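K.L.:
One line per chain: the protein sequences are P and D, in this order. Quick note: the first sequence uses my numbering, first residue 1, plus one each step. Quick note: the second sequence uses my numbering, first residue 1001, plus one each step. Ideal placement from N, C-alpha and C gives every residue a C-beta, glycine not left out. These numbers were taken from a predicted model, which means no experiment stands behind them.
2 protein chains.
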Amino acid sequence: MQATNNMRWVTNREVGCNFCGLYGICKLSGLEEPDHSRLDTFVQRRKKVANGENLIQAGEQLQYLYAVKAGMFKSTRYFDDGREQVVDFHLPGEMIGLESLGGIAHLNTVTALENSSVCAYSLHMLEKPKDEQQFEYQRCLLVSMTEKMQQMQEQSLLMGAQNAEQRISLFIMNIARRFGQHGMPSDFFRLSMLRRDIANYLGLAFETVGRVFKKLEQQGFIETRGRLTQIRNIPELALLAGLEPVYLQSSRTA
Amino acid sequence: MQATNNMRWVTNREVGCNFCGLYGICKLSGLEEPDHSRLDTFVQRRKKVANGENLIQAGEQLQYLYAVKAGMFKSTRYFDDGREQVVDFHLPGEMIGLESLGGIAHLNTVTALENSSVCAYSLHMLEKPKDEQQFEYQRCLLVSMTEKMQQMQEQSLLMGAQNAEQRISLFIMNIARRFGQHGMPSDFFRLSMLRRDIANYLGLAFETVGRVFKKLEQQGFIETRGRLTQIRNIPELALLAGLEPVYLQSSRTA
DNA sequence: AACAGAAATTGTCATTTATCAAGTTATTCC
DNA sequence: GGAATAACTTGATAAATGACAATTTCTGTT
Chain P
1 MQATNNMRWV TNREVGCNFC GLYGICKLSG LEEPDHSRLD TFVQRRKKVA
51 NGENLIQAGE QLQYLYAVKA GMFKSTRYFD DGREQVVDFH LPGEMIGLES
101 LGGIAHLNTV TALENSSVCA YSLHMLEKPK DEQQFEYQRC LLVSMTEKMQ
151 QMQEQSLLMG AQNAEQRISL FIMNIARRFG QHGMPSDFFR LSMLRRDIAN
201 YLGLAFETVG RVFKKLEQQG FIETRGRLTQ IRNIPELALL AGLEPVYLQS
251 SRTA
Chain D
1001 MQATNNMRWV TNREVGCNFC GLYGICKLSG LEEPDHSRLD TFVQRRKKVA
1051 NGENLIQAGE QLQYLYAVKA GMFKSTRYFD DGREQVVDFH LPGEMIGLES
1101 LGGIAHLNTV TALENSSVCA YSLHMLEKPK DEQQFEYQRC LLVSMTEKMQ
1151 QMQEQSLLMG AQNAEQRISL FIMNIARRFG QHGMPSDFFR LSMLRRDIAN
1201 YLGLAFETVG RVFKKLEQQG FIETRGRLTQ IRNIPELALL AGLEPVYLQS
1251 SRTA
């Protein structure tokens, strides 16, 4: 198919700073000052991570908070016996590292699923003496954690899914909402992870994932070309997922 | 069985304040002052909730943070079409409400799974003017959220479970660790939720949950008398769950 | 102690999903 | 651009789980 060749390199847009999870913190650090000199001492901007490379290795010391600027990441837990479990995906605008804040080391390995870039914010700011600004930093962090927690809350719905079709519909709708939340189209995006990753994440065989995607496509709910994914019938997909039909709409207008 | 009659009323111990999720906040508010007068203006202590009663109704305005003092709760999401999804359980020492902090209303209904009691802390403290103490409150909240987030992280492992046996083993080990974390025995506790609740939470049929429990018991990994549950072979159960064998030990000594 | 209702167990059968194997299509790397 | 590799698809079969119905046990109440 010729169209496929044209679309192969289409990728998700870079997220704007105003839609980024680090926005609050960056603003405090001088993002909106004419020269960014102050900001630049705290934030390492647009660090590139090539497809397949690790941004974070499990066991590594916790030093930075990251925000995905462009591209996509997965978090994987590796076990002694060689098994691996994908525990999360990170979309543009979302933060990486919040879930490890309690300890001193990262629990999971974070890998780029395509050529990606991140902004890194040093966690040293948390150790500074208490002052007015410090208070605000903490508040920003609290907001970020709150958002992350709500996202994780939704995973609980995923866990109760009754069958593969519902699980996968829920998964797609979840990704869609998250794209929309950060100012990108919520019905047309690049699903950069492999079927294997999705399957591992959802606890399904990857053949099952493939078959369900195909079925959803045949029913006209979604359309895929390689990794590019378009949702063609949001209400029906939401229904399959067992969500209220307003699911995506409400988060768009919010 | 005669022994059963004796054990019917055995219940989980009340958690000590020093093992409670609200400890930091209560301490700030005067928990350790000789008279508790200051504390009592912020904290409503030992509010009783009878088995089956709702502590929180979905949609209700967010006003308090709760900590489970004794007993057990479940959080349920209700859908328009009548379906319900159990999204979380709350054990003694754990907090309730953190996951809704972002919004103004509760998303889930929280129900007591046995005669329980909670401490309630007014969220108004968060709106007070910025002062030294306010900073500390925020920090406490950040710590609580961090803990909750790590707990939720573990749910991600649950989601990837390959089969019912692994799911349920993981579930039991998870509950066990959480009891241990708050100073209670991690190998002997009352599992107050119904099979139906566990099944709903894990996305399994309740008959399957029952059969797996029975199988685990026949293999000698666990022992149950009614709701009372004892883990008899931690390493084997951890193995089934696909966890490192040190899982429980490490959290005990910590 | 006895009753009523709820919860749990058990057995059978239908459905879903995993597993394995073979073939096809995409990607990556020279 | 082409070879090598990885990812995905498809089909057949086995295994796990869900659904239903009948029975037993448990729980709470009087």
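Considering only the alpha carbon of each residue, which of D:I1025, D:R1225 and D:R1167 lies closest to P:L202?
P.N.:
Stepping through the first sequence from its first residue, residue 202 of chain P is reached at position 202. When each option's Cα is compared against that of P:L202, the closest is D:R1167.
K.L.:
Tell whether a beta-carbon distance below 8 Å holds between P:A306 and P:N200.
P.N.:
Because chain P spans 1 through 254 in this model, residue 306 of chain P falls outside it and cannot be assessed.
K.L.:
Thinking C-alpha only, which one of P:N233, P:G183, P:R211 and P:D187 is nearest P:V15?
P.N.:
Stepping through the first sequence from its first residue, residue 15 of chain P is reached at position 15. When only C-alpha atoms are compared, the closest one is P:G183.
K.L.:
If I follow the unbroken alpha helix (DSSP H) through P:V43, where does it start and stop?
P.N.:
Numbered from its first residue, the first sequence carries residue 43 of chain P at position 43. Note, P:V43: premise wrong, no alpha helix (DSSP H); beta strand (DSSP E) at V43 to V49.
K.L.:
For D:S1144 versus D:G1071, is the C-beta spacing smaller than 8 Å?
P.N.:
Within the second sequence, residue 1144 of chain D is the residue found at index 144, counting from 1. Within the second sequence, residue 1071 of chain D is the residue found at index 71, counting from 1. The answer is no: Cβ separation not under 8 Å.
K.L.:
Just curious, the alpha helix (DSSP H) that P:I234 is in, first and last residue?
P.N.:
Sequence index remark: in the first sequence, residue 234 of chain P carries index 234 (1-based). It spans I234 to A241 - the alpha helix (DSSP H) in which P:I234 sits, taken as one unbroken run.
K.L.:
Please tell me whether D:R1195 and D:F1206 are closer than 8 Å, where the distance is taken between their beta carbons.
P.N.:
Here residue 1195 of chain D refers to the residue found at position 195 of the second sequence. Here residue 1206 of chain D refers to the residue found at position 206 of the second sequence. Contact: yes.
K.L.:
When you compare the CB positions of P:V118 and P:V43, do they come within less than 8 Å of one another, or not?
P.N.:
Stepping through the first sequence from its first residue, residue 118 of chain P is reached at position 118. Stepping through the first sequence from its first residue, residue 43 of chain P is reached at position 43. Taking 8 Å as the Cβ cut-off, P:V118 and P:V43 do not qualify as a contacting pair.
K.L.:
Leaving out the 5 sequence neighbours to the left and right, which residues in its chain are closer than 6 Å to P:S192 when beta-carbon positions are compared?
P.N.:
Against the first sequence, residue 192 of chain P aligns to sequence position 192. Here the set comprises M72, L113, E114 and R227.
K.L.:
Determine, using beta carbons only, whether P:L158 comes closer than 8 Å to chain D.
P.N.:
Residue 158 of chain P sits at position 158 when you count from the first residue of the first sequence. Interface residue, yes.
K.L.:
Is the distance from the Cβ of P:T224 to the Cβ of P:A164 below 8 Å?
P.N.:
One-based indexing of the first sequence puts residue 224 of chain P at position 224. One-based indexing of the first sequence puts residue 164 of chain P at position 164. Taking 8 Å as the Cβ cut-off, P:T224 and P:A164 do not qualify as a contacting pair.
K.L.:
In whole angstroms, give me the CA-to-CA distance for P:Q63 and P:L141.
P.N.:
In the first sequence, counting from the first residue as 1, residue 63 of chain P sits at position 63. In the first sequence, counting from the first residue as 1, residue 141 of chain P sits at position 141. Going from the Cα of P:Q63 to the Cα of P:L141 covers about 15 Å.
K.L.:
Considering just the uninterrupted stretch of the alpha helix (DSSP H) at P:Q85, what are its terminal residues?
P.N.:
Within the first sequence, residue 85 of chain P is the residue found at index 85, counting from 1. Where P:Q85 is concerned, there is no enclosing alpha helix (DSSP H), although the beta strand (DSSP E) it sits in stretches over E84 to H90.
K.L.:
Can you give me the C-alpha to C-alpha distance between D:R1178 and P:L240, rounded to a whole angstrom?
P.N.:
In the second sequence, the residue the question calls residue 1178 of chain D occupies position 178. In the first sequence, the residue the question calls residue 240 of chain P occupies position 240. Computed Cα separation, rounded: 34 Å.
K.L.:
Could you tell me whether the Cβ of P:T41 comes closer than 8 Å to any Cβ of chain D?
P.N.:
As a working note, residue 41 of chain P is residue 41 in the first sequence. False, the Cβ-Cβ gap to chain D never drops below 8 Å.
K.L.:
Expressed to the nearest angstrom, what Euclidean distance is found between the alpha-carbon atoms of P:F135 and P:L243?
P.N.:
On the first sequence, residue 135 of chain P is found 135 positions in, with the first residue counted as 1. On the first sequence, residue 243 of chain P is found 243 positions in, with the first residue counted as 1. P:F135 and P:L243: Cα-Cα distance of roughly 38 Å.
K.L.:
Kindly indicate which residue of P:S122, P:K148, P:Y137 and P:E127 has the alpha-carbon position closest to the one of P:L91.
P.N.:
What you label residue 91 of chain P is simply residue 91 of the first sequence in a count that begins at 1. Ranking the options by Cα distance to P:L91, first place goes to P:K148.
K.L.:
Using a Cβ-Cβ cut-off of 8 Å, state whether D:T1253 counts as contacting chain P.
P.N.:
Within the second sequence, residue 1253 of chain D is the residue found at index 253, counting from 1. In this prediction, D:T1253 scores a pLDDT of 42, lower than 50, which makes its location untrustworthy; the coordinate-derived value is nonetheless stated afterwards. Not closer than 8 Å to any Cβ of chain P, the Cβ of D:T1253 fails to qualify, so no.
K.L.:
Between P:I56 and P:H124, which are expected to be in contact by the criterion C-beta below 8 Å, what is the C-beta distance as a whole number of angstroms?
P.N.:
Reading the first sequence from its first residue, position 56 is the one you call residue 56 of chain P. Reading the first sequence from its first residue, position 124 is the one you call residue 124 of chain P. Between P:H124 and P:I56 the Cβ distance is about 17 Å, and since that is not below 8 Å, they are no contact.
K.L.:
Look up P:L170 in the DSSP assignment and say whether it is helix, strand or coil.
P.N.:
Mapped onto the first sequence, residue 170 of chain P falls at position 170. Residue state, collapsed to three classes: helix.
K.L.:
Does the beta carbon of D:L1062 sit closer than 8 Å to a beta carbon anywhere in chain P?
P.N.:
What you label residue 1062 of chain D is simply residue 62 of the second sequence in a count that begins at 1. Chain P contact via Cβ: absent.
K.L.:
Under three-state DSSP, which class holds P:M95?
P.N.:
As a first step, residue 95 of chain P is located in the first sequence; it is residue number 95 there, counting from the start. In this structure, P:M95 counts as strand in the three-state DSSP scheme.
K.L.:
In chain order, what residues of the same chain lie with their CB nearer than 6 Å to the CB of P:I198, ignoring the 5 residues before and after it?
P.N.:
As a position in the first sequence, residue 198 of chain P is number 198, starting the count at 1. Excluding sequence neighbours, P:I198 sits near V209.
K.L.:
Against chain D, with Cβ distances strictly below 8 Å, would P:K148 count as a contact?
P.N.:
Counting from one through the first sequence, the residue named residue 148 of chain P turns up at place 148. Chain D contact via Cβ: present.
K.L.:
Taking 8 Å as the CB-CB cut-off, is D:N1174 touching chain P?
P.N.:
Position 174 of the second sequence, counted from the start, is the residue given in the question as residue 1174 of chain D. With 8 Å as the cut-off, D:N1174 does not count as an interface residue toward chain P.
K.L.:
Could you pull the DSSP bridge partners for D:Y1064 from this structure?
P.N.:
The count along the second sequence starts at 1 and reaches residue 1064 of chain D at position 64. Paired residues: D:S1122.
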